[in-house]
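Sequence positions in the sequence shown follow my numbering and run 37 to 200.
Okay, structure first, notes after.
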Amino acid sequence: MRPLTDKDIRGSFVNCSKGEASRLPLPRDLAERPWDDLDFLGWRDPGAPDRSYLVVERDGRPVGVSLRFPPPQRGFLQRSMCALCLTGHPRGGVSLMTARKAGAAGREGNSVGLYMCTDLACSLYLRGKKVPESGARFEESLTLEEQIARTTGNLFAFLDKLYA
């Protein structure tokens with residue numbers, strides 16, 4: 037992924053107003069991010085623990101999505117798997133991220149959701165730069181390039197649902 041500027045990021049959001057995009061907190065470490073190892077930029081809002089943001093390049097331009105997720109709850113699930121990168125995590129490592137749909141449907145309150153790594157570090161898990169709390173990812177027969185293509189394909193399918 038190419039490095040993004042504050043302006044690139046704020047102008048990329050498809051499911052919030054320009055005013056909301058101008059007020060959302062950006063990562064303070066943009067210059068230090070491992071851009072060559074990222075397939076998308078994801079971060080959590082330090083002031084609102086139920087909010088996250090994601091920006092991916094699609095068709096040569098950044099597309100940003102504002103996400104919400106509930107706090108982890110105690111339940112029967114001991115492990116869960118991210119629907120983007122297929123990394124397995126112990127409890128709390130995967131959350132149902134919901135995004136308000138774009139346009140009129142979103143203004144009416146419609147949303148879509150997907151189970152994602154809570155820390156949005158899918159790119160780093162794929163490349164072995166970050167290890168899940170469980171200690172390892174499942175071994176796959178796909179090459180890294182094929183895993184990246186699958187992950188971005190899953191993310192693009194999620195983005196397509198924002199416009200449906």
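Glycine residues also receive a C-beta, built at the ideal position from the N, C-alpha and C atoms.
Taking C-beta atoms under 8 Å as the contact rule, residue 136 and residue 147 qualify, at a distance of about 5 Å. At the C-beta level, residue 130 and residue 198 stay beyond 8 Å of one another.
By the neighbour-count definition (other C-beta atoms within 10 Å, threshold 16), residue 83 is an exposed residue.
An exposed status is given to residue 167, since fewer than 16 other beta-carbon atoms sit within 10 Å of its beta-carbon. Comparing C-alpha distances from residue 121 to each of 159, 128 and 98 shows the shortest one belongs to 159.
Distance from the Cα of residue 155 is smallest, within the candidate group 88, 182, 196 and 176, for 88.
Secondary structure note for residue 153: it is in no alpha helix (DSSP H), and the uninterrupted beta strand (DSSP E) holding it is 147 to 153.
The three-state reading of DSSP puts residue 83 in coil, since its state is none of H, G, I, E or B.
Straight across, the Cα-Cα distance linking residue 46 with residue 59 is about 9 Å. Taken through DSSP and simplified to helix, strand or coil, residue 175 comes out as coil.
Annotated three-state conformation of residue 159 is helix, per DSSP.
Listed in chain order, the non-local C-beta contacts of residue 91 below 6 Å within the same chain comprise 45, 48, 77, 98 and 100, local neighbours out to five positions each way being set aside. Contact annotation, residue 124 with residue 53: C-beta distance approximately 36 Å; criterion of less than 8 Å not satisfied.
Taken through DSSP and simplified to helix, strand or coil, residue 68 comes out as helix. Under DSSP, residue 102 takes part in a beta bridge, and its partners are 89. For a cut-off of 8 Å, the C-beta gap from residue 75 to residue 37 is around 6 Å, short enough to register as a contact. With distances taken between CA atoms, residue 79 lies nearest to 152 out of 50, 152 and 114.
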